[in-house]
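Chemist: Residue numbers (the numbering used here), protein chains in the order written: chain A, 1 to 140; chain B, 1001 to 1159.
C-beta: ideal position from N, C-alpha, C; glycine also.
Here the structure is a predicted model, which means the values were calculated and not measured.
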C-alpha cells in the first residue's frame, strides 16, 4: 500500500466520523453506527494474503485478492483465499447474469446485468493478535 | 450492476463490505451456518440475508475510496467521476455443485497448498437501498464463468 492511499483512507474515515456526528442533519443512512470498513472485531481479526494486484494502477489501492480467470486451468490457480495463515475451505465464484431494478419511488423497472465475484472462507486462521481462531467469512 | 453490458463505464451499483482495517479484501464474518461445505462431493453453499453493505456505485470508486478515475492521463481507463458510498443491504444464495476439473496445488511462490475443484455454480440475490431495489433472475447454471472450491493451507500453515 502506498502512503498516498493511507492518507486518503484516513481522510475518508475522519470525514465519515464527522458525518456520523452530524446526526439527522445528514440523514439516517450516513448517521448509522456501522463502521466505514468491514467490522471483523471481537472474534479474532484475520490478516490479508501478501499477494494480489492493483487493478487501476497507478490510481487506487492494492487489493489482497487474486481474481479468478476463466481462461486459466485449475492447475494454475492463484491463492483463492483473501486471508493468510489460514487452513480450511474456500470458495469463489465469477458469475454474470441479469435481473430487474426497480425505482421504489416511481415503480419504474429496468433490466440490468450483473457480475457476482463472491465467495467464502471457513476454517482456522492466525489473527492479528498472533492467536489461533476459527471463523466463517463471506467474500462480498 | 450495469445498465447495459458488463463494463466499468456502464456500472451503476457496486456492493461490497469494504476493505477491513487490516487490509483484508471484502471479507465479513458471517454466522458459521451461513456456509455449508461437502468438499468430497464438490458441494457448498453460502446463504446470507440482509447483509449491510456499501454501494460504491462502481468498482473504480470502490478501489479509489470514492475519488474516481481521471481518464485523461494516457491510462487505459474511462473517466469515472468520484462518488460517495451509500448504504444498502443484500441477500444471496450461492451454490457450488459438481466437479468440472480438479488439481492438487503446492505453490511455493504464494505459499499455499491444497485440493482445488473447478465447479458449477449458481447465484440468486437481491439488493435493497433507499429508492432502489434489485432482484436477480432465478439461479441459472449457464451463467457461471468460473467457480472454485478449495481445501487449503497458506501462510504459516504452508508446508
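Tell me, to the nearest whole angstrom, how far the beta carbon of residue 56(A) is from that of residue 1060(B); I am working on the premise that it is less than 8 Å.
Modeler: Within the first chain, residue 56(A) is the residue found at index 56, counting from 1. Within the second chain, residue 1060(B) is the residue found at index 60, counting from 1. Confirmed, Cβ separation roughly 6 Å.
Chemist: Taking Cβ-Cβ distances shorter than 8 Å, what residues in chain A pair up with residue 1147(B)?
Modeler: Your numbering for residue 1147(B) matches position 147 in the second chain. Simply 68, 91, 92, 93, 94 and 95.
Chemist: What's the call for residue 1144(B), buried or exposed, on a 16-neighbour Cβ count within 10 Å?
Modeler: Position 144 of the second chain holds residue 1144(B). Residue 1144(B) is buried by the Cβ-count criterion.
Chemist: Please report the residue range of the alpha helix (DSSP H) in which residue 1060(B) lies.
Modeler: Position 60 of the second chain, counting from 1, holds the residue named residue 1060(B). 1059 to 1063 is the span of the alpha helix (DSSP H), which, as asked, contains residue 1060(B).
Chemist: Does the beta carbon of residue 1082(B) come closer than 7 Å to any beta carbon on chain A?
Modeler: On the second chain, residue 1082(B) is found 82 positions in, with the first residue counted as 1. For residue 1082(B), the answer is no, since every Cβ of chain A falls outside 7 Å of its Cβ.
Chemist: Taking the alpha carbon of residue 1141(B) as the reference point, which residue from 105(A), 79(A), 98(A) and 64(A) has its own alpha carbon closest?
Modeler: Position 141 of the second chain, counted from the first residue, corresponds to residue 1141(B). When each option's Cα is compared against that of residue 1141(B), the closest is 98(A).
Chemist: In chain order, what residues of the same chain have a beta carbon less than 6 Å from the beta carbon of residue 134(A), not counting five sequence neighbours either side?
Modeler: On the first chain, residue 134(A) is found 134 positions in, with the first residue counted as 1. These residues qualify, in order along the chain: 124.
Chemist: Distance cutoff 7 Å, beta carbons only. Does residue 109(A) sit that close to anything in chain B?
Modeler: Along the first chain, read from residue 1 onward, the residue named residue 109(A) stands at position 109. Cβ-Cβ to chain B under 7 Å: no for residue 109(A).
Chemist: So for residue 115(A), helix, strand or coil by DSSP?
Modeler: Residue numbering aside, residue 115(A) sits at position 115 when the first chain is read from its first letter. Residue state, collapsed to three classes: strand.
Chemist: Please name the residue or residues paired with residue 1006(B) in a DSSP beta bridge.
Modeler: Counting from 1 along the second chain, the entry for residue 1006(B) is found at position 6. According to DSSP, which records beta bridges pairwise, residue 1006(B) is partnered with nothing at all.
Chemist: Where does residue 3(A) sit, in a helix, a strand or coil, going by DSSP?
Modeler: Within the first chain, the letter at position 3 stands for residue 3(A). Confidence at residue 3(A) is low in this model, with a pLDDT of 35, below 50, so the placement of that residue should be treated as unreliable; the coordinate-derived value is given next. Here residue 3(A) sits in helix by DSSP.
Chemist: Just how far apart, CA to CA, sit residue 115(A) and residue 1158(B)?
Modeler: For the purposes of this step, residue 115(A) is taken as residue 115 along the first chain, with counting starting at 1. For the purposes of this step, residue 1158(B) is taken as residue 158 along the second chain, with counting starting at 1. So the two alpha carbons sit approximately 32 Å from each other.
Chemist: State the CB to CB distance for the pair residue 93(A) and residue 1099(B), rounded to an integer number of angstroms; the pair is presumed to be in contact (CB under 8 Å).
Modeler: Looking up residue 93(A) in the first chain gives position 93. Looking up residue 1099(B) in the second chain gives position 99. Actually they do not touch by this definition, with Cβ atoms about 15 Å apart.
Chemist: Do we get a CB-CB distance below 7 Å when we pair residue 75(A) with the residues of chain B?
Modeler: Residue numbering aside, residue 75(A) sits at position 75 when the first chain is read from its first letter. Residue 75(A) counts as touching chain B.
Chemist: If you pair each beta-carbon of the segment 1004 to 1012 of chain B with each one of the segment 63 to 70 of chain A, do three or more pairs fall below 8 Å?
Modeler: At 8 Å Cβ cutoff, the stretches do not touch.
Chemist: Based on DSSP bridge pairs, tell me the residues matched to residue 1107(B).
Modeler: As a position in the second chain, residue 1107(B) is number 107, starting the count at 1. Bridge partners of residue 1107(B): 1112(B).
Chemist: Could you check whether residue 1091(B) and residue 1104(B) sit closer than 7 Å to each other, using their CB atoms as the reference points?
Modeler: Position 104 of the second chain, counted from the first residue, corresponds to residue 1104(B). Position 91 of the second chain, counted from the first residue, corresponds to residue 1091(B). Contact: no.
Chemist: Establish whether the CB of residue 53(A) and some CB of chain B are separated by less than 7 Å.
Modeler: As a working note, residue 53(A) is residue 53 in the first chain. It does not; no Cβ of chain B falls within 7 Å.
Chemist: Just to confirm the assignment, what range does the beta strand (DSSP E) spanning residue 1027(B) have?
Modeler: Position 27 of the second chain, counted from the start, is the residue given in the question as residue 1027(B). Counting along the chain, the beta strand (DSSP E) containing residue 1027(B) begins and ends at 1027 to 1029.
Chemist: May I ask you to report which of helix, strand or coil DSSP gives residue 76(A)?
Modeler: Here residue 76(A) refers to the residue found at position 76 of the first chain. In this structure, residue 76(A) counts as helix in the three-state DSSP scheme.
Chemist: Using 7 Å as the limit for Cβ to Cβ distance, is residue 1135(B) near chain A?
Modeler: Mapped onto the second chain, residue 1135(B) falls at position 135. Yes, residue 1135(B) lies at the interface with chain A (some Cβ there is under 7 Å from its Cβ).
Chemist: Run through the DSSP bridge pairs and tell me what residue 1117(B) is partnered with.
Modeler: For this step, residue 1117(B) is matched to residue 117 along the second chain. 1102(B) and 1149(B), per the DSSP bridge assignment.
Chemist: Given that a residue counts as buried once 16 or more other Cβ atoms are within 10 Å of its Cβ, and exposed if not, what is residue 1132(B)?
Modeler: Here residue 1132(B) corresponds to residue number 132 of the second chain, with the count starting at 1. So residue 1132(B) ends up on the buried side.
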